[in-house]
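These notes concern the structure reproduced below.
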Amino acid sequence: MKTEQLEELFRKGFAAMQMAHSNETIDKFMFYLQEVMKWNEKTNLTGHKREEEIIGNLFIDSLIGSRALSTDAVCSILDIGTGAGFPGIPIGIVFPQHSITLLEPNLKKVAFLHHMIGSLKLRNVRVEPYRIEQFSEQPEFHEKFDWVFMKALRFDAGLAYVTQVLSASGKCVCFRADPLPPDCVPKRFSVVNDVPYELPFGLGKRTLSIIEKADSSLRSEL
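For the sequence shown, the positions run -4 to 217 when our numbering is used.
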């Protein structure tokens, strides 16, 4: 697909989700997309092959997660199992005021992430080459993050370890096809909100499930 066609796909995706964007953002996303496609030939970064799927399911869907954030406030975000950098890097590009940590244990993907962070000069994004089980055991990361994002990760696997790294008022954002059934939410957590949306290019309906620690909801009621 030609460069002009890909740029137009990004613009249509932003327009469909009613998201503001700049030419600089499109340029950075174009470079990011091209690098994903190139590296995907030798390193399994993503199972999506078509440009429309990558733009819609990865780039645009990642930015939907920013709807959970207060764009005026500076916050720290942990992206668990980020893979090729989604949702963390797109959010880091559009919202440079936020501090973002990408968690990815696969060293080939870690190499790609370092390449992208350096190429895009993202001073607000860093990589930690750990699984969440290892990461959560390190005292320097305890209660450090205001938000935890889980896009390509089983939410129950991630939630089992995030209590230590979430700040007192921290919340988790799970990218899902359907809302979380109440009986699937661990007792230590409660669902704050389910935000439904539909991806562009006919890629289907999705839900952002926003979750907090149960003791946080109790404090907010006092």
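For each residue, glycine too, the CB sits at the ideal point set by N, CA and C.
- Apart from sequence neighbours up to five positions away, the residues of its chain that approach P191 with a beta-carbon distance below 6 angstroms are T202, ordered along the chain.
- The Cβ atoms of V180 and I205 lie no closer than 7 angstroms to each other.
- Shown here for L4: same chain residues with a beta carbon closer than 6 angstroms to its own, the five before and five after excluded, namely I50 in chain order.
- Here L108 really is in contact with V122; their C-beta atoms are around 5 angstroms apart, less than 8 angstroms.
- Residue pairing of F144 in beta bridges, as defined by DSSP: D74 and V168.
- Straight through space, the alpha carbons of F196 and E47 are spaced by roughly 7 angstroms.
- D189 has S204 as its beta-bridge partners, per DSSP.
- Per the Cβ contact rule, the stretch 61 to 68 is not in contact with the stretch 132 to 139 (fewer than 3 Cβ pairs under 8 angstroms).
- DSSP places L40 in no beta strand (DSSP E); its state is neither H nor E.
- Across the structure, I21 and P82 are spaced so that their CA atoms are roughly 16 angstroms apart.
- D74 sits buried, since 16 or more C-beta atoms from the chains shown fall within 10 Å of its C-beta.
- Contact between F54 and P85 holds, with the beta-carbon distance rounding to 6 angstroms and staying under 8 angstroms.
- Rounded to whole angstroms, the gap between the alpha carbons of G76 and L148 is 6 angstroms.
- Within the same chain, and ignoring the five residues on either side of N39 in sequence, no residue has its Cβ closer than 6 angstroms to its Cβ.
- At the C-beta level, H93 and I72 come within 7 angstroms of one another.
- With at least 16 other beta carbons inside 10 angstroms of its own, E99 counts as buried.
- Taking the Cα positions, S114 is about 22 angstroms away from Y125.
- In this structure, N119 lies near G87, with their beta-carbon atoms less than 7 angstroms apart.
- About 6 angstroms separates the beta carbons of T158 and K208, which is inside the 8 angstroms limit, making them a contact pair.
- The beta carbon of R183 is closer than 7 angstroms to those of T158, K208 and A209 in its chain, skipping five residues each way along the sequence.
- DSSP places A163 within a strand segment (E or B) once states are collapsed to three.
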